[in-house]
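Report on one structure; see the data block that follows.
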């Protein structure tokens, strides 16, 4: 099972290195990882997809919370959330071969063709983990010239409970 | 200036840790970073946005190429490419306040409203570095409940030169 872990960290030198070293040092596997600033430039948010059962994920989150400069660790898989990943893929289509097939496939995934060139078509796709996996699978038979995946990001969708009127 | 560096690495334990440690150890700043598998599961692609002048970027790419398990390092900024970033932002809109304003702003950026709840609107936006920076700037006055940025990814758009007919 792929668990999505969000981690808020202070934007200090060495934080990312400490986190990544801890995880790989203990032999946990990271499927995708990304980190970027939040609206507060002093705080960055990191999202990791870590395969493993509940026990492994509990260990990872526990170890993460003990690290310096780590503000908050949330296993998004345990709560209502929305996850998305961005993919850019440049598919070979020399002399227009396969071009309409590739464009049709992109359309089925609500993906966007962002470049058509004499040797290729470049497609931009956003989806949740299942969509991304289907998308990559269906593009496998083609010749992929270049691919970039952002890794999964996630935001919560829990609504704060309404306060009782006093 | 923000430079986009793509790095192909062997999918071995410790590679990411070595790269991140080298960069932070030498005091270079990473604005965003992400890493995910390519179509070849043995190879991952990492994209880093590193602020700095040409001299700094030359040093970073040179140091990266010297690391074990690093297959290829490309400064995308030096070549024709397309870069994109994905952002999920949950904006407070208690009792519908600001809701239509937020939706209008999202529409201007071709962003997609992916959740409307009693306390918030969640928007998914994809754009290049300039679009993302404008988008974040215009959402600053609102109360951001949660934000996740994927960091920039990039694919090349150079077309291979046609071979002369012999």
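Chains as they are written, first to last, in the working numbering: chain A, 2 to 167; chain B, 2 to 167. Glycine included, every Cβ here is placed at the ideal spot set by N, Cα and C.
Practice prompt. Anything in chain B within Cβ reach of residue 127(A), meaning under 7 Å, just list it in chain order.
Written response: Here residue 127(A) refers to the residue found at position 126 when the first chain is read from its first residue. Those are 87, 125 and 127, listed as they occur along chain B.
Worksheet item: In terms of residue numbering, what span does the beta strand (DSSP E) encompassing residue 34(B) cover?
Response: Stepping through the second chain from its first residue, residue 34(B) is reached at position 33. 33 to 38 is the span of the beta strand (DSSP E), which, as asked, contains residue 34(B).
Fill in: DSSP beta-bridge partners of residue 93(B)
The residue you call residue 93(B) lines up with position 92 of the second chain. Answer is 121(B).
Practice prompt. For residue 92(B), return the contacting residues in chain A, with the cut-off set at a CB-CB distance below 7 Å.
Written response: In the second chain, counting from the first residue as 1, residue 92(B) sits at position 91. Those within 7 Å of residue 92(B) in chain A number zero; the least Cβ separation is about 11 Å.
Worksheet item: Under a Cβ-count criterion, where at least 16 other Cβ atoms within 10 Å of its own Cβ denotes burial, should residue 42(B) be classed as buried or exposed?
Response: Residue numbering aside, residue 42(B) sits at position 41 when the second chain is read from its first letter. The residue in question, residue 42(B), is exposed, as its Cβ has fewer than 16 Cβ neighbours within 10 Å.
Worksheet item: Taking C-alpha atoms, which residue in 30(B), 24(B), 15(B) and 22(B) lies nearest to residue 2(B)?
Response: For the purposes of this step, residue 2(B) is taken as residue 1 along the second chain, with counting starting at 1. The option with the nearest alpha carbon to residue 2(B) is 30(B).
Item to complete: Report the three-state DSSP secondary structure of residue 83(A) (helix, strand or coil).
Response: Here residue 83(A) is taken as the residue at index 82 of the first chain, counted from 1. Three-state result, residue 83(A): strand.
Worksheet item: If we call anything under 7 Å between Cβ atoms a contact, is residue 88(A) one with residue 47(A)?
Response: As a first step, residue 88(A) must be located in the first chain, where it is residue number 87. As a first step, residue 47(A) must be located in the first chain, where it is residue number 46. Against a cut-off of 7 Å, the Cβ pair of residue 47(A) and residue 88(A) comes out as no contact.
Practice prompt. Starting from the C-beta of residue 120(B), find all residues in its chain whose C-beta is less than 6 Å away, skip the five residues before and the five after it, and write them out in chain order.
Written response: As a first step, residue 120(B) is located in the second chain; it is residue number 119 there, counting from the start. Cβ neighbours of residue 120(B) beyond the five flanking positions: 95.
Worksheet item: Is residue 61(B) closer than 7 Å to residue 7(B) when the C-beta atoms are compared?
Response: Stepping through the second chain from its first residue, residue 7(B) is reached at position 6. Stepping through the second chain from its first residue, residue 61(B) is reached at position 60. Cβ atoms of residue 7(B) and residue 61(B): not closer than 7 Å.
Worksheet item: When the Cα atoms are used, what is the spatial distance from residue 103(A) to residue 25(A)?
Response: Position 102 of the first chain holds residue 103(A). Position 24 of the first chain holds residue 25(A). Rounded to the nearest angstrom, the two C-alpha atoms are 38 Å apart.
Worksheet item: How about residue 83(A): is its C-beta nearer than 7 Å to some C-beta of chain B?
Response: For this step, residue 83(A) is matched to residue 82 along the first chain. Yes, contact with chain B.
Worksheet item: Out of 155(A), 132(A) and 18(A), which has the shortest C-alpha to C-alpha gap to residue 146(B)?
Response: One-based indexing of the second chain puts residue 146(B) at position 145. Residue 155(A) is the option with its Cα nearest to residue 146(B).
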